[in-house]
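Residue numbers (our numbering): 113 to 292.
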């Protein structure tokens, strides 16, 4: 039996994998601006009494929050959309100077089959912008890549006081439809 026979629609449960890997990595704080691509992980986090799910006003607040969580001895992750990466660029200097673990999971817009032209500039620049700010990045476009890549990013962030981001490509998330 091939992988395709086991998962004929290529719908490996990557959305649950995000939450499962974060929890297994000891994450106690998930901070986010609401995003449909992260909806499953966020619902699971909100239902878990061992995890603080914190809604942010803007994504850069999450970097300061996670620095504080780390100072308090707890791990956290920032879940955001690629457009929110643009909001975080200046605040990423906090991690570069203080060297605390920063784990981000980024849903990509402005990529394959994007219908909203406003998403394209930041979507196309997301990975390069993160790397320019010293963030190590990995990209998942296949559902089976999500868990191992996120596990590796979490290991590097939490064991090496590094900034790491897993980018979830738009082909993984699926084509968004314009609703009139």
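Ideal Cβ positions, reconstructed from N, Cα and C, are used throughout, including at glycine.
- Pairing residue 195 with residue 234 gives a Cβ-Cβ distance under 8 Å.
- As for any beta strand (DSSP E) of minimum length 3 sitting wholly inside the stretch 139-177, the runs are 139-144 and 164-167, ordered along the chain.
- Looking at 224, 167, 138 and 140, the one whose alpha-carbon comes closest to that of residue 151 is 167.
- Within the same chain, and ignoring the five residues on either side of residue 276 in sequence, the residues whose Cβ sits closer than 6 Å to its Cβ are 215, 248, 265, 268 and 269.
- Around the beta carbon of residue 138, fewer than 16 other beta carbons sit within 10 angstroms, so the residue counts as exposed.
- Three or more Cβ pairs closer than 8 Å define a contact, and the stretch 156-163 falls short of that threshold against the stretch 180-187.
- For residue 249, the uninterrupted beta strand (DSSP E) segment begins and ends at 248-252.
- Residue 176 is positioned such that its CB atom lies no closer than 8 Å to that of residue 142.
- Look at residue 267 here: in three-state DSSP terms it is helix.
- Judged by their CB atoms, residue 239 and residue 279 are nearer to each other than the 8 Å cut-off.
- The beta carbon of residue 165 lies closer than 7 Å to those of 142, 154, 157 and 158 in the same chain, with the five residues before and after it left out.
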